[in-house]
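Step one of this worksheet: look at the structure below.
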Amino acid sequence: MPVMNKEKSYGLQSEVERLDAEDSERFAALCQESSQPVILSGGALAWPALEKWTPDYFRRRFASQRVRPSLQLPAYGAPYFSTEKHHRREMYLSEFIDILESGDACYVDQTDVHSFSGLEEDYCYQQFISPGVNFTSLWIGSKTRSGLHYDNMDNLFVQVYGEKKAILLAPQEARNLYPFGDCISKSRVDPERPDLMHYPRFAKAKTLTARLQPGDILFFPRGWWHHFSSTGPSISLSCWYGAPLTIAEQARGVNLAGRHLWFRILRDFLWHGVLGRAYNQRLFSTPPTGKLLYDLLFAPKRLTKTE
Numbered sequence: 001m002p003v004m005n006k007e008k009s010y011g012l013q014s015e016v017e018r019l020d021a022e023d024s025e026r027f028a029a030l031c032q033e034s035s036q037p038v039i040l041s042g043g044a045l046a047w048p049a050l051e052k053w054t055p056d057y058f059r060r061r062f063a064s065q066r067v068r069p070s071l072q073l074p075a076y077g078a079p080y081f082s083t084e085k086h087h088r089r090e091m092y093l094s095e096f097i098d099i100l101e102s103g104d105a106c107y108v109d110q111t112d113v114h115s116f117s118g119l120e121e122d123y124c125y126q127q128f129i130s131p132g133v134n135f136t137s138l139w140i141g142s143k144t145r146s147g148l149h150y151d152n153m154d155n156l157f158v159q160v161y162g163e164k165k166a167i168l169l170a171p172q173e174a175r176n177l178y179p180f181g182d183c184i185s186k187s188r189v190d191p192e193r194p195d196l197m198h199y200p201r202f203a204k205a206k207t208l209t210a211r212l213q214p215g216d217i218l219f220f221p222r223g224w225w226h227h228f229s230s231t232g233p234s235i236s237l238s239c240w241y242g243a244p245l246t247i248a249e250q251a252r253g254v255n256l257a258g259r260h261l262w263f264r265i266l267r268d269f270l271w272h273g274v275l276g277r278a279y280n281q282r283l284f285s286t287p288p289t290g291k292l293l294y295d296l297l298f299a300p301k302r303l304t305k306t307e
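Under the working numbering, the first residue of the sequence shown is numbered 1, with each subsequent residue one higher.
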């Protein structure tokens, strides 16, 4: 049987550094220059979103809005082993909130916050980052697990409603995280219940952990691996900003994880990029890395945003 470690006794672990809400100026400086994650405890408590945004609020205000949540989510293991088409459904937001409140695992993930008219009035990132926000996403769900992955840009993650657990690992840990060959930003490892028989190097990984309460703001730099999970209803907001990872930086990550991954990237570049063959997209994932690379080099107008 696979060795599933539920007690997280593997590797070296520590908690993400926390600053008090009064240290907002220092936090803002770290958001521009730090290479380490940091939390501003209660930094968003004064935002209107913290008072207003509840599942019932979204049901009342946006009942007829169409959303495409992921349903019947896997309870353990990396979610990326599942195919998106087997979980994604389209429905009214009111229907989704009913599912959320029933206790089923469900997720409206990475949805453009501007698709919900007026929500941008309820939060304010300007004191922490420079103008030119790239993308702000809304996350609503219950019993969710994001999967271990990295983003191409710096991230400010705000817990608005409910609680979430965060696990973070530095970019240089890629060698211990077993990325998918067709999606190099996604890990095969479930960091909460690691299968050490199949992924033994994860036992060497150095992790940072945090429990995010409503109002907490977590900053983590581009390229940092992270996993978010919730045990109940949760609403979060994330803002990606700054310069994205370069191709050279991502290539270094591939070399760290294992140069054998280049064979799969080349295969997907040719098969899905040059030849245009169809692919089954993984849950919570982008198109294959090789396809994204092809689009970046030869079809920039059709480039899909990476996470």
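Glycine included, C-beta positions come from ideal geometry on N, C-alpha and C. Predicted, not measured: the structure shown is a model, and the values here were computed from it.
Query	Result
Spatial distance of Lys305 from Arg264 (CA atoms)	The pLDDT assigned to Lys305 is 39, lower than 50, so where the model puts this residue is not dependable, and the model offers no usable value.
Distance between Phe58 and Phe116 (C-alpha atoms, nearest Å)	9 Å
One or two residues paired with Met91 in a DSSP bridge	Val67
Run of the beta strand (DSSP E) containing Gln13, from where it starts to where it stops	Leu12 to Glu15
CA-to-CA distance, Leu40 to Ile217, given in whole angstroms	5 Å
Contacting residues, own chain, Cβ-Cβ under 8 Å from Asp104 (five flanking each side not counted)	Leu71, Gln72, Ser142 and Lys143
Beta-carbon proximity check, Cys31 vs Leu156, cutoff 8 Å	yes
Given Pro191 as reference, the closest of Met91, Lys206 and Cys183 once Cα atoms are compared	Lys206
Delimiting residues of the alpha helix (DSSP H) encompassing Leu261	Leu261 to Asp268
Same chain only: Cβ atoms within 7 Å of Tyr76, ignoring 5 sequence neighbours per side	Asp190 and Arg193
Cβ-based burial, Met308 [other Cβ within 10 Å; buried from 16]	Nothing about residue 308 can be read from this structure; the chain reaches only from 1 to 307.
CA nearest to the CA of Trp139, picked from Cys239, Glu25, His149 and Thr246	Cys239
Whole runs of the beta strand (DSSP E) within the region 138-177, excluding any shorter than 3 residues	154-161 and 164-169
Beta-ladder partner(s) of His227, from DSSP	Ile167
Any 3 or more C-beta pairs closer than 8 Å across the region 96-103 and the region 163-178	no
Simplified DSSP state of Asp104, which is helix, strand or coil	coil
Helix, strand or coil at Leu292 according to DSSP, with G and I counted as helix	helix
Nearest-angstrom Cα separation, counted from Val158 out to Ile235	9 Å
Which residues DSSP lists as bridging Pro233, in chain order	Ser142
Element boundaries [alpha helix (DSSP H), containing Phe58]	Pro55 to Arg61
Three-way DSSP call (helix, strand, coil) for Arg252 in this model	helix
C-beta atoms of Val67 and Val113 nearer than 8 Å	no
C-alpha distance - Pro288 paired with His226, whole-angstrom precision	20 Å
Tyr80 vs Lys186 beta-carbon contact at 8 Å	yes
Continuous alpha helix (DSSP H) assignments of at least 4 residues falling wholly in the region 21-55	24-33 and 48-52
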